[in-house]
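Convert by adding 1355 to the 1-based position in the sequence shown; the result is the number in the numbering used here.
Since the structure comes first, as structure tokens, the remarks are kept for the end.
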Amino acid sequence: MRVRITSIGELPILGYPRNLNFYKDWRMKEARLVIKGDSAFLKVVFEKKKEKIEPRCGKKMKEVSYRWFRCGCGMRMIGMLLL
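Take a look at the structure:
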């Protein structure tokens, strides 16, 4: 398989990471071409779909400040981590 890059031309794809199947349902966030000497590497950054976390009490979380959330039952969260 070959990939065409405007500034360089066509390059062959020589290999894939062994764990590529692990990332198949993730979204590709960005890809950067890195050139070292006479070699070119494509650095691909994947983004996993965020899971929505609900408190056990079932009440809605409200934002207290940036990244801090509080539930009606008193449970606190930082971003996606329950405290």
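No residue lacks a Cβ here, since even glycine has one placed at the ideal position from N, Cα and C.
Residue i - partner residues in DSSP beta bridges
i: P1367; result: R1357
i: F1396; result: V1389
i: F1401; result: M1383
Beta-carbon proximity check, residue i vs residue j, cutoff 9 Å
i: W1381; j: K1404; result: yes
i: K1384; j: F1396; result: no
i: L1388; j: I1363; result: yes
Neighbourhood of residue i by C-beta, 8 Å cutoff - its chain only, sequence neighbours within 5 removed
i: A1386; result: L1397, K1398, V1399 and V1400
i: Y1378; result: F1401
Cβ-based neighbour list, residue i, same chain, cut-off 7 Å, excluding 5 preceding and 5 following
i: I1360; result: L1366 and L1388
Same chain, Cβ closer than 6 Å to residue i, neighbours up to 5 away in sequence not counted
i: G1370; result: none
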